[in-house]
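**Student:**
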Amino acid sequence: MRKFKRIVPFVAAVCLVFSLCFSLACKTTEPEDQLQSLTLDTSNAKVDYSIGEEYSSTGLQVTASYSSGQTEAVSLENVTINSSAYDAYNVGSYDIIVSYTSGGTTAEASYKVTVADAKFGGLMVKLKADRSDTLNLSKDKTTEDFTDAADWIEVRTPDAIGEVDENSAPLSKDSYTVKVYRNGDEVTELGAVKRGVYQIVASMYDDKADFTYEGFALVVVFDDVENIAFKEGKTSQEKGLKETMTRTWKFTVTFNSGDTEVVDKTSSYLTLTQINPNIAAAGGTARATYLEPKLLSAPATTARWVDVPYSLEGDQSHPDLAILNFGDTDAFNSADLTAGNFGTIVYKNGGVDFEIVGGPKGKIADNRAAEFDLPIGISLGNGDTSCYCGQAFQSNSASSEEGMFINFTLKKNCEVYIYARSNGVDNRCMFLETEDDYAIVTGVEGYLGINGVPTISSDYNKEGKCSTHAASITGLSSENPAQFKLTFDASINVFYILIIFPEEANNEKV
């Protein structure tokens, strides 16, 4: 009986250890919770616009869904909204694209907005012949008076098929009401109107149809920019951080009237050079340019700019990109690169090793040249977003063990951009391959796939340009690095390879 009592604690301890090990084993095999899709709720967002109204994302609700079934409400500050298709001065329907990145995975969704013309709602409203659709502010005249805006317009109704006879007698003023709006918001202080696009709206209620007919005329209060000045923001930082310097810069825009406005990177009128601290010099200047579009019959606007000095300190302890530029032969430390035969060359840059293997017919051709544009947000430190290469990495035979290929090892999720062109008359292909099945290679929206290199007769080559081929690579980590091989079809010329690591990957040393 005593022996049995001694065994009981022992058996309990064994069971406890087994249970703990089983729990840990299960825990380590749980699948990663991956972003799958976005859902947009526009019930509180503006989707119908009048001509002249600026796009606004206010009220839009974004929800992210994950592979585990969990959902997450995402703040608008953390999503990217592409409203470049929206045209406030042309009637039509436009797609607004919303994207969100989590854990190296990007999901995208879109919704439609519409812009309606001045006849929307049934009334035709136009300015009288003695009224201009533009008003100009100045230092002596800092506001406009819209108090008598009802006397500036003529209002007519359409016939049975919706046509309006502009020569017909206008409606009497007592048959409709008039209000003034600026970008959808009613203006209450009509005697102190500042710069902007205004709608003089006429509305008329039909008792029988139980419907309100509306229409409007546009008036632009124009106030050209006098200057732009740097207001606040960080102008010095450690190297190795991506786009964290200029993102928070703010500028004060002063107009002719003396009116001022503070703008930042979100302003559609502000163009701000992006600084990439991994390739920028230790110090320099970034140019901010403010330019508004020409509106109606207003005079053309004048661009104003300011150059902001910045400085970079320290080492690139966490590089966010790596570059292989075949136009820079010094980087290879070899004097015989243009020969018909050369062996393995290892090129180290930004924590990524490129291993270039030359076959019997491969070479670096110094008579090949091309231009290309870098991805948005990447510059060469001097503000340039385009590159020129005077030579290329060329394969004169089809891809094989005796042809040309480039090997490189990656330990972090990234985007790979390959700039190439074909000097043949047939379509050519490149292949980005890996034998590590946990590495996921997908195309990047907005760019060509890894295949389909333009031929010598394409518009790219006619303009002396090469095409961009991009892929997004996920599933990588320090514990799960992957080896990649970029192989070439015949007559392919590769000028430049750019690898961009996401900001969240910079926290992990490699």
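If you count the sequence shown from 1, position 384 lands on 383 in numbering that gives the first Met the number 0, and the numbers rise without skipping.
Don't be surprised by glycine CBs; every beta carbon is placed ideally from N, CA and C.
Since this is a predicted model, take the numbers as computed values, not measurements.
Check whether the Cβ of Glu-188 sits closer than 8 Å to any heavy atom of the ligand FMN, and report yes or no.
**Tutor:** Among the ligands in the structure shown, none appear at all, so the ligand FMN cannot be discussed.
**Student:** Relative to the C-alpha of Thr-247, which residue among Asp-223, Thr-272, Val-224 is closest?
**Tutor:** Thr-272
**Student:** Just tell me which of Tyr-93, Ser-167, Val-192, Asp-319 has its CA closest to the CA of Lys-238.
**Tutor:** Asp-319
**Student:** How many whole angstroms separate the CB atoms of Arg-420 and Ala-369, which I take to be in contact at a CB cut-off of 8 Å?
**Tutor:** Right, their Cβ atoms sit about 6 Å apart.
**Student:** Looking at the structure shown, is Ala-148 part of a helix, part of a strand, or coil, going by DSSP?
**Tutor:** helix
**Student:** In chain order, what are the residue ranges of uninterrupted alpha helix (DSSP H) at least 4 long that sit wholly in the region 215-287?
**Tutor:** Taken in chain order, the region 215-287 contains no complete alpha helix (DSSP H) segment of 4 residues or longer.
**Student:** Could you give the first and the last residue of the continuous beta strand (DSSP E) run that contains Tyr-88?
**Tutor:** Looking at the DSSP string, Tyr-88 is not in any beta strand (DSSP E), and its letter there is neither H nor E.
**Student:** What does DSSP give as the partner residues of Thr-211 in its beta bridges?
**Tutor:** Tyr-204
**Student:** Between Thr-38 and Ser-64, how many whole angstroms is the CB-CB distance? I'm expecting something under 8 Å.
**Tutor:** 7 Å
**Student:** Looking only at C-alpha atoms, which of Ser-131, Thr-62, Ala-149, Asp-144 sits nearest to Ala-106?
**Tutor:** Comparing Cα positions, the closest option is Thr-62.
**Student:** Determine the extent of the beta strand (DSSP E) in which Ala-481 is found, giving its start and end residues.
**Tutor:** 481-487
**Student:** Suppose contacts are defined by Cβ-Cβ distances below 9 Å. Is Ser-98 in contact with Val-112 by that definition?
**Tutor:** no
**Student:** Going by C-alpha distance, which of Gln-35, Leu-295, Asp-32, Leu-485 is nearest Cys-428?
**Tutor:** Leu-485
**Student:** Just checking, does the region 124-143 make contact with the region 211-219 on the three C-beta pairs under 8 Å criterion?
**Tutor:** yes
**Student:** Go ahead and pull the three-state DSSP assignment for Leu-522.
**Tutor:** Past the edges of the chain, shown from 0 to 509, lies residue 522, and the structure says nothing about it.
**Student:** With 16 other CB atoms within 10 Å as the buried threshold, where does Gly-51 fall?
**Tutor:** The residue is buried, with at least 16 neighbouring Cβ atoms inside 10 Å.
**Student:** Three or more beta-carbon pairs under 8 Å between the region 221-240 and the region 298-311, yes or no?
**Tutor:** yes
**Student:** Quick check on Arg-518: buried or exposed, where buried means 16 or more other Cβ atoms within 10 Å of its Cβ?
**Tutor:** The chain is shown from 0 up to 509; residue 518 falls before or after that span and cannot be answered.
**Student:** Tell whether a beta-carbon distance below 9 Å holds between Tyr-437 and Leu-475.
**Tutor:** yes
**Student:** Check whether the Cβ atoms of Val-179 and Val-196 sit closer than 9 Å, and answer yes or no.
**Tutor:** no
**Student:** Measuring alpha carbon to alpha carbon, tell me which of Ile-96, Asn-412, Thr-300 ends up nearest Ile-472.
**Tutor:** Asn-412
**Student:** Taking the beta carbon of Lys-138 as the centre, do at least 16 other beta carbons fall within 10 Å, making it buried, or is it exposed?
**Tutor:** Its Cβ having fewer than 16 others within 10 Å, Lys-138 is exposed.
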